[in-house]
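Participant: Below you'll find the structure I mean.
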């Protein structure tokens with residue numbers, strides 16, 4: 045059938061980089077106050093931060109955009125090669141640079157002039173996202189119990205009384221209905237786009253009236269009766 049399993053996390057690992065020492069200390073103090081059980085480390089040099097990221101993973105990265113040795117945007121451009129990409133929060137006093145950062149897919153922005161007001165909700169959103177990523181979808185495959193992180197799932201495809209699940213870990217087949225799995229994954233970021241397809245909206249690269257393209261290049265059709273609701277759900281996801 046399929047079920048959701050929620051993993052447990054230890055304290056979060058958070059890295060902060062800003063070349064202004066006073067601002068760096070203030071950010072670290074506020075972050076530690078919001079998430080007191082987290083391991084918070086600070087860097088005043090982008091080069092030192094990158095050296096750390098080569099050997100140590102983190103959950104959340106707070107990054108100043110405008111720095112002298114290497115900019116926050118240049119650092120963000122190198123995050124994609126990491127085995128575990130952290131949630132990126134840009135912290136900046138230059139609002140005009142925010143638009144230049146969209147290509148690096150930051151999770152959030154916090155303006156230094158509104159830091160006290162904006163940091164807490166940004167961190168709360170990060171925690172919710174990380175909790176979501178730790179959830180697993182579990183099912184029986186070839187007599188074994190398989191559990192995949194929701195963030196690893198691409199889509200489900202119906203085949204009679206069975207479902208194919210496509211994921212970063214490979215393809216599996218188990219006995220269930222797409223309606224049952226859709227119900228199990230309610231509120232977890234999955235969209236029904238067709239009577240035979242249920243997709244992870246985080247895996248979508250392009251979305252139009254007739255089909256979706258996933259980040260791995262897969263093209264899936266959108267059924268006419270599902271088009272309006274699917275589009276509304278996906279647009280809501282993009283605005284969050």
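Residue numbers (our numbering): 45 to 284. All C-beta atoms, glycine included, are put in the ideal place defined by N, C-alpha and C.
Looking at C-alpha atoms only, which residue of 268, 237, 269, 272 is the closest neighbour of residue 256?
Facilitator: The sequence position of residue 256 within the chain shown is 212, counting from 1. For residue 256, the nearest C-alpha among the options comes from 237.
Participant: Check whether the Cβ atoms of residue 172 and residue 194 sit closer than 8 Å, and answer yes or no.
Facilitator: Numbered from 1 along the chain shown, position 128 holds the residue referred to as residue 172. Numbered from 1 along the chain shown, position 150 holds the residue referred to as residue 194. It is not a contact, given that the beta carbons lie outside the stated cut-off.
Participant: Going by C-alpha distance, which of 148, 110, 112 is nearest residue 121?
Facilitator: Looking up residue 121 in the chain shown gives position 77. Residue 148 is the option with its Cα nearest to residue 121.
Participant: Closest to residue 276 by C-alpha separation, out of 261, 245, 262, 260, would be which residue?
Facilitator: Along the chain shown, one-based indexing puts residue 276 at 232. When each option's Cα is compared against that of residue 276, the closest is 245.
Participant: Kindly indicate the opening and closing residues of the alpha helix (DSSP H) around residue 228.
Facilitator: Within the chain shown, residue 228 is the residue found at index 184, counting from 1. Residue 228 -> alpha helix (DSSP H) spans 222-228.
Participant: For residue 214, list the residues DSSP reports as bridge partners.
Facilitator: By one-based count along the chain shown, residue 214 stands at place 170. Paired residue(s): 211.
Participant: Which residue comes first and which comes last in the beta strand (DSSP E) that contains residue 252?
Facilitator: For the purposes of this step, residue 252 is taken as the residue at position 208 of the chain shown. Counting along the chain, residue 252 falls outside any beta strand (DSSP E), and DSSP gives it neither H nor E.
Participant: Does residue 23 pass the burial test, meaning 16 or more other C-beta atoms within 10 Å, or should it be called exposed?
Facilitator: What the structure shows of the chain is the stretch from 45 to 284, and residue 23 is not part of that stretch, so it cannot be assessed.
Participant: Could you give the C-beta distance for residue 222 and residue 234, rounded to a whole number, given that I count them as a contact under 8 Å?
Facilitator: Residue 222 sits at position 178 when you count from the first residue of the chain shown. Residue 234 sits at position 190 when you count from the first residue of the chain shown. Going by Cβ atoms, the distance from residue 222 to residue 234 rounds to 10 Å, so no, they are not a contact pair.
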